[in-house]
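Report on the structure given below.
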Amino acid sequence: MSSLILGFLLALGTWAEEDIFRKKPVTREEAVKLSAIFPGIGQISSGHRLKGTVFFVLEVASITGTFHAHETYRTKLSKFEQAKEEYLSSRSYSEAEERWRKLSRQKEELDRLRRTRYALACSCLGVYFLSLLDAAFISSYEVSLEPVRIEDALGITLEVRW
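Quick note, the sequence shown lines up with residues -3 to 158 if you use my numbering.
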């Protein structure tokens, strides 16, 4: 059975090299729709593989970081609430003072985690909208710079198509 699967995978690789699975690049409208589904897919489908891969990896990393920061924030928040209850139940001034220092350190850490969480969420949105913008406008430009001879002088022609 494993040799059958191995043979199929080898044949699949051979077929892929023969352009059986390749299709023509998608239009700009299709690229925008694909980038709206997930950043980078529109760029990859329209032939900009490196740029699309970068957008895809950046979005996955931003989402992963956001979820991790959110869960860390929630865990630290529950510990902060426990420390606050301990502070309020202090029986002596010295005990309360020690718990207040601990509580203030935890509050600073919570503030830092909240800012990190918001920054990562904003990076998710930024990568998403930058990918849409790129698929709609930037990737569709073809820019060429070529040397030309104008009368007896050399010149440069800049050509932009969209």
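Cβ atoms here follow ideal geometry from the backbone N, Cα and C, with glycine treated the same way.
Quantities reported herein were computed from a predicted structural model and do not represent experimental measurements.
Asked, Found
"Can you tell me which of the three DSSP states V144 falls into?", "strand"
"Roughly how many whole angstroms lie between the Cα atoms of L30 and A65?", "28 Å"
"Rounded to the nearest angstrom, what separates S42 and I59 at their Cα positions?", "24 Å"
"Taking all protein chains shown into account, decide if A131 is buried (16 or more other Cβ within 10 angstroms of its Cβ) or exposed.", "buried"
"Let me confirm a value: T62 is counted as buried when at least 16 other C-beta atoms fall within 10 Å, else exposed. Which label applies?", "buried"
"Look at the Cβ atom of S127, then the Cβ atom of G36, and state whether they are nearer than 8 Å.", "yes"
"In chain order, what are the residue ranges of uninterrupted alpha helix (DSSP H) at least 4 long that sit wholly in the region 27 to 78?", "37 to 41"
"Between the Cα of Y124 and the Cα atoms of V53, E82, S74 and A149, which residue gives the shortest distance?", "V53"
"If you run the structure through DSSP and keep just helix, strand and coil, what is E94?", "helix"
"Got a sec? Which residues, its chain only, sit under 8 Å from G151 by beta carbon, not counting five neighbours each side?", "P143, V144 and R145"
"Q39: which of A149, F133, E147 and R101 sits nearest, CA to CA?", "F133"
"Less than 8 Å separating the beta-carbons of K80 and L106?", "no"
"Does DSSP put T153 in a helix, a strand or coil?", "strand"
"Is V22 helix, strand or coil by DSSP?", "coil"
"For the putative contact between S86 and R95, defined by C-beta atoms under 8 Å, what is the C-beta separation to the nearest angstrom?", "6 Å"
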